[in-house]
Ligand code: FAD
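Take a look at the structure:
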């Protein structure tokens, strides 16, 4: 029996979507800047609490849109002419010069691959497409084992060579096909945050497809209230609300982008060691980090590793992680020491 759940929507239900707050004079206060649009196959929302007089709203919106369009043109596997797609299409092992945005994301992706012993691996792109979670339309069926084995043989982040000073990359394996869906949205969040801060904007929330970065205060003069969803695919339920700021947050899970076949769930997080979607009991993991790009990649890395190996890595590497695990009695939360410490220090 096939059940199809294909939502390309954000993981986080952002509680501060209510754009007004009551001030002490009971006059509703609204955010002077709220900007929501579509990008990278998902939505983005930017909220600013205090806008410097020198900043013009329409100019800022254009700057943000131009920046995100540029990053989409560098990092997308959905745009056939993007810098990444042109690299993927070339079955050659020549060095290729790439834009700085792609270089920065690839360097961080390799670092997280090494940190997670290959659980995070952007060369899974062909497997993602084979399972129907990539650029081709979903087909809700498991690929043939022989094809899977053939594709697995061409994988491995170590087949990507990076010459950082020269901003160029090359394939050691001509068939290499890179997919940045697990890290590039986080990078885009960081870049938008930078664009705001250079204009002295220091109270903001930037969110793209569930990756989020917060600074300063919300409209009520407090920390930003962010809800983390219960990882259920049926309806949207809040697991917990956290009040945070001056940090980035990313969540990965198996409950939004998946299909079920004969009662088995196949989600879009692929274990590069098996070539198959993950099968463990970790339903979602939320990461806090100073960088949204790092939080984004670590969330997928730990999602691949699962509740035990992922927790060990979080403890060893001081990663602030909240695990939501499926048990026979329902969902159980488990926080890494760094996640607990973050809230102790900021409350
Ligand atoms: P996350 O959990 O953050 O990442 C899961 C994704 O990472 C998987 O979908 C897969 O692509 C990849 N992945 C799976 N396993 C691994 C692994 N072991 N290691 C590394 N990566 C892995 N979607 C569209 O439908 N249309 C678009 O036009 C479109 N454009 C995009 C442009 C850009 C620049 C990017 C970055 C993504 C784009 N996407 C598009 C994809 C979409 O935005 C999301 O990235 C996708 O739905 C997964 O994001 P997530 O946060 O839900 O999952």
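Numbering (the numbering used here), first residue to last: 2 to 348.
Note that CB positions come from ideal geometry on N, CA and C, so glycine has one too.
Computed from a prediction, not measured in an experiment: that's the story for all the values here.
Check	Outcome
The stretch 183-198 contacting the stretch 105-114, beta-carbon criterion three pairs below 8 angstroms	yes
Stretch-stretch touch, CB-based, cutoff 8 angstroms, three pairs: the stretch 222-241 with the stretch 63-81	no
Three-way DSSP call (helix, strand, coil) for residue 207 in this model	strand
8 angstroms CB neighbourhood of residue 93 in its chain, flanking five on each side removed	172 and 175
Unbroken alpha helix (DSSP H) run spanning residue 88, endpoints	84-90
Inter-residue spacing [alpha-carbon to alpha-carbon] between residue 169 and residue 240	43 angstroms
CB-CB length for residue 52 against residue 76, believed under 8 angstroms	Not really, about 29 angstroms apart at Cβ, beyond 8 angstroms.
Stretch-stretch touch, CB-based, cutoff 8 angstroms, three pairs: the stretch 217-226 with the stretch 41-52	yes
Check: residue 314 C-beta below 6 angstroms from any heavy atom of the ligand FAD	no
Where residue 271 falls: helix, strand or coil (DSSP)	strand
Residue span of the alpha helix (DSSP H) that contains residue 312, given as start and end	293-317
Coarse secondary structure for residue 183, derived from DSSP in three states	coil
Environment of residue 127 [buried if 16+ CB atoms lie within 10 Å]	buried
contact_flag[the stretch 143-150, the stretch 329-344] where n(CB pairs < 8 angstroms) is 3 or more	no
Distance cut-off 6 angstroms: residue 186 Cβ against heavy atoms of the ligand FAD	yes
Closer than 6 angstroms: residue 253 CB and nearest the ligand FAD heavy atom	yes
Inter-residue Cα distance where the pair is residue 133 and residue 221	43 angstroms
C-beta atoms of residue 286 and residue 249 nearer than 7 angstroms	no
Cβ-Cβ distance between residue 177 and residue 124 below 7 angstroms	yes
Beta-bridge pairing of residue 278 - partner residues as DSSP gives them	271
Per-residue DSSP class, three states only, for residue 24	Below a pLDDT of 50, predicted positions are generally treated as unreliable, and residue 24, at 46, falls in that range; no measurement from the model is reported.
Given residue 216 as reference, the closest of 201, 230 and 210 once Cα atoms are compared	201
Cβ shell of residue 192 (< 7 angstroms), same chain only, five flanking positions each side left out	68 and 72
Residue 344 (DSSP reduced to helix, strand or coil)	helix
Three-state secondary structure (DSSP) of residue 55	coil
Span of the alpha helix (DSSP H) around residue 135	Premise fails: residue 135 is in no alpha helix (DSSP H) and is neither H nor E.
Cβ pair count under 8 angstroms reaching 3, the stretch 314-321 against the stretch 268-279	no
Distance cut-off 6 angstroms: residue 160 Cβ against heavy atoms of the ligand FAD	no
Within 7 angstroms, strictly: CB atoms of residue 308 and residue 289	no
Per-residue burial, residue 342 [other beta carbons within 10 Å of its own, 16 or more giving buried]	exposed
Residue 77 CB to nearest heavy atom of the ligand PLP below 6 angstroms	Of the ligands this structure carries, namely the ligand FAD, none is the ligand PLP.
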